[in-house]
Each structure stands twice: as structure tokens, then as C-alpha cells.
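**Q**
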Amino acid sequence: MANWFRLDGKVALVTGGASGIGEATCRLLSEAGASVLIVDIDRPRAEQLAGQLTRAQARICDITDEEQVRALCSSLDRLDILVNNAGIGMVGTIEETELEDFRRLMRVNVEGAFLMTKYALPLLLQSKGRVVFIGSVAGLVGVKRRFAYCATKGAVVAMARQLAMDYPKQLRVNCICPGTVHTPFVEGYLEKYHKHEKDIVREQLHQRQPIGRMGRPEEIAYMVLYACSDEADFLHGSVLTIDGGWTAG
957 MANWFRLDGK VALVTGGASG IGEATCRLLS EAGASVLIVD IDRPRAEQLA GQLTRAQARI
1017 CDITDEEQVR ALCSSLDRLD ILVNNAGIGM VGTIEETELE DFRRLMRVNV EGAFLMTKYA
1077 LPLLLQSKGR VVFIGSVAGL VGVKRRFAYC ATKGAVVAMA RQLAMDYPKQ LRVNCICPGT
1137 VHTPFVEGYL EKYHKHEKDI VREQLHQRQP IGRMGRPEEI AYMVLYACSD EADFLHGSVL
1197 TIDGGWTAG
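With the working numbering applied, the sequence shown covers 957 to 1205.
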């Protein structure tokens, strides 16, 4: 069992890799033997994390900038795993969402994943690689006052499914849809929207999952590891929820 889910000799690229689910994923893939490219716009955090891992590099890249993404992918000799994890959120109904708000989420959550996948594709096809999109249950069900976020995460789910249809022999493509995971992303949301009632709202977020708590980043990372492993070769085109029972009912 100790040799299961090993990634020795593999090269993995994780966007938004410097914190939250991305950080946990970088740590776990590195522990499994992969060389990890930590792609982020936060240079200090990315470089700090790279220094803590055995086989890791920090690669600073704005995934919404086509030339930066093209240059990053062109600099690589090999790529076996792409984890499209980077994302941002926003609270608001359609009435509260301005066009620029909507476009900003689309640029990061959708266009960023598109650009990374497009320019990484030649290397991934060479290696019969794994592509994992980090979606959200918000891409599967409606969530109050998350209009733009739900729309973009729904697009991420659709991208993963479509890519799986086009490359069934050459790639393994899957989408992981977490529920609420306790990350700096969530704490930033609490600080921005609920500064004077953070403890109350944090507890509400815990209770939104039927099991009574938010997820932990490493729990999502373990599912990413499985999806990237040789043991998951029959897993393709799947949308995997890991949400504490949120979507069970």
C-alpha cells in the first residue's frame, strides 16, 4: 500500500499553488514524488513554499495574461499533470454584479483555466497527462448571492467535460467540486463581507455541510492526488463532489 498513488518522475503544475487548496496540493504531490511548479502571482508565498518542498519551483505568472502563460509553458520541457486551481470569488446577486465584476471572475476562473490548458496541451499530449480542474459545488447547484461565481464555476465543469470528450485516448481529464473549504480564500471573504460577525458566519459555513464542518485543504488535495495517479486510469470525464454531503439531498 505504501507504493500506491506514487508520482515519481512526474512533473506537475498547480495554478494558485501558493495558498489554500493549491498549497495543500503542491505539498501532497511533492510528497508523492512529483516535481512541482507552483504557479501564482504571490511571489513571496510561492517562493517560501518552494523552499519547503523537495522538488519544487515557484513560477510567477498571471494566468489571465496570454503572453505570460505562453511563455511559461514554452519554458517547460515536460509536463505530466496540470491542476487548474486558481480562482477568485464574489458575493452578489445579478443586480449587485457589475459587468466588470463578472468579467473579472470570468478572466481568472474561466479564461485562466482555458489559457493554461491550451498552452500546456502539447506537453500533456506527449505524456498522456492528467488534467484536473478545481470547480465547486457552486458550479452544480445554485448558491444564494453568488451569481458570478456560480456562472464561472459552471463553465469550469463544462470545460472539463468537453475536454474529456475530445481527448479520451490521450489525456485523463476530471473536475473536482469541493464544498466550502476552510482556506485563506474563505477568511478573506469573512473579512470583506462579514467583518463584524466573522465568528457567526464562519459557524454558518461549517453548518452548511451536513457533516457539520467545512472541508480541509488537504482533503481536496488527496482527491487530486488520486485523479493524477496511475491507479485512476479509468477515471475520465468525471465530476467529483467532495462537499460534506451538501449536494446529497
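The C-beta atom is built at its ideal place from N, Cα and C for all residues, glycine as well.
On a predicted model such as this, the values are computed, not experimentally measured, just so you know.
When you compare each of GLY976, GLU1003, PRO1140, ALA968 to ALA988 by their alpha carbons, which one comes out closest?
**A** With distances taken between Cα atoms, ALA988 lies closest to ALA968.
**Q** Can you have a look at LEU927 and say buried or exposed, based on whether 16 or more other CB atoms are within 10 angstroms of its CB?
**A** The structure shown does not extend to residue 927, since the chain is modelled only from 957 to 1205, so the question has no answer here.
**Q** If you follow the alpha helix (DSSP H) that LEU1077 is in, where does it begin and where does it stop?
**A** 1068-1083 is the extent of the alpha helix (DSSP H) around LEU1077.
**Q** Excluding the 5 residues flanking ARG999 on each side, which residues of the same chain have their C-beta closer than 8 Å to its C-beta?
**A** Taken in chain order, the residues that qualify are ALA1014, ILE1016.
**Q** How big is the Cα-Cα spacing for GLY1168 and ASP1199?
**A** Their backbone Cα atoms lie some 11 Å apart in a straight line.
**Q** For SER991, which residues does DSSP report across the bridge?
**A** Answer is VAL967.
**Q** Tell me the rounded alpha-carbon separation between ALA1104 and VAL1025.
**A** About 24 Å.
**Q** Check each candidate in ILE1050, LYS1109, GLY1068 and name the one with the smallest Cα separation from LEU1038.
**A** Cα-wise, what sits closest to LEU1038 is GLY1068.
**Q** Using C-beta distances below 6 Å, list every residue in its chain close to SER1185, excluding the 5 sequence neighbours before and after it, in chain order.
**A** Taken in chain order, the residues that qualify are PHE961.
**Q** Quick one: Cα of ARG983 to Cα of ILE1156, how far?
**A** Those two C-alpha atoms are separated by around 31 Å.
**Q** Please report the Cβ distance between VAL1137 and ARG1172, rounded to the nearest whole angstrom; I am assuming they are in contact, meaning their Cβ atoms lie under 8 Å.
**A** Yes, they are in contact, since the Cβ atoms of VAL1137 and ARG1172 sit about 7 Å apart, within 8 Å.
**Q** How should MET1121 be labelled, buried or exposed, when 16 other C-beta atoms within 10 angstroms of its C-beta is the threshold for buried?
**A** Exposed, because fewer than 16 other Cβ atoms sit within 10 Å of the Cβ of MET1121.
**Q** Assuming SER1092 and PRO1140 are in contact, meaning their beta carbons sit under 8 Å apart, how far apart are those beta carbons, in whole angstroms?
**A** Actually they are not in contact, since the Cβ atoms of SER1092 and PRO1140 sit about 16 Å apart, beyond 8 Å.
**Q** Express the C-alpha separation of ALA1002 and ILE1090 in angstroms, rounding to a whole number.
**A** When rounded, the distance between both Cα atoms is 19 Å.
**Q** Per DSSP, which one or two residues make a beta bridge with PHE1089?
**A** PHE1089 pairs with ASN1040, CYS1131.
**Q** Mind checking GLY1043: buried by the 16 CB within 10 Å criterion, or exposed?
**A** The residue in question, GLY1043, is buried, as its Cβ has 16 or more Cβ neighbours within 10 Å.
**Q** Consult DSSP for ARG1197 and reduce its assignment to one of helix, strand or coil.
**A** In the sequence as presented, Arg is not what sits at residue 1197; that position holds Thr. Reduced to three states, the DSSP call for THR1197 is strand.
**Q** Using only the alpha-carbon positions, how far apart do GLY1201 and THR1108 sit?
**A** One C-alpha to the other measures close to 22 Å.
**Q** How many angstroms separate the CA atom of LYS1074 from the CA atom of CYS1029?
**A** Using only the alpha carbons, I get a separation of about 10 Å.
**Q** Just how far apart, CA to CA, sit THR1197 and PHE1190?
**A** So the alpha carbons of these two residues sit roughly 17 Å apart.
**Q** Per DSSP, which one or two residues make a beta bridge with ARG1102?
**A** Paired residue(s): GLY1048.
**Q** Starting from ARG1015, trace the beta strand (DSSP E) in both directions and tell me its first and last residue.
**A** 1012-1016 is the span of the beta strand (DSSP E), which, as asked, contains ARG1015.
**Q** Do you know how far the Cα of SER975 is from the Cα of MET957?
**A** Bear in mind that the predicted position of MET957 carries a pLDDT of just 48, short of 50, making it too unreliable to give a figure here.
**Q** Would you decide whether ASN959 is buried or exposed? Buried here means 16 or more other CB atoms lie within 10 Å of its CB.
**A** The residue in question, ASN959, is exposed, as its Cβ has fewer than 16 Cβ neighbours within 10 Å.
**Q** Which two residues bound the contiguous alpha helix (DSSP H) that contains PHE1190?
**A** Run containing PHE1190: none; DSSP gives neither H nor E here.
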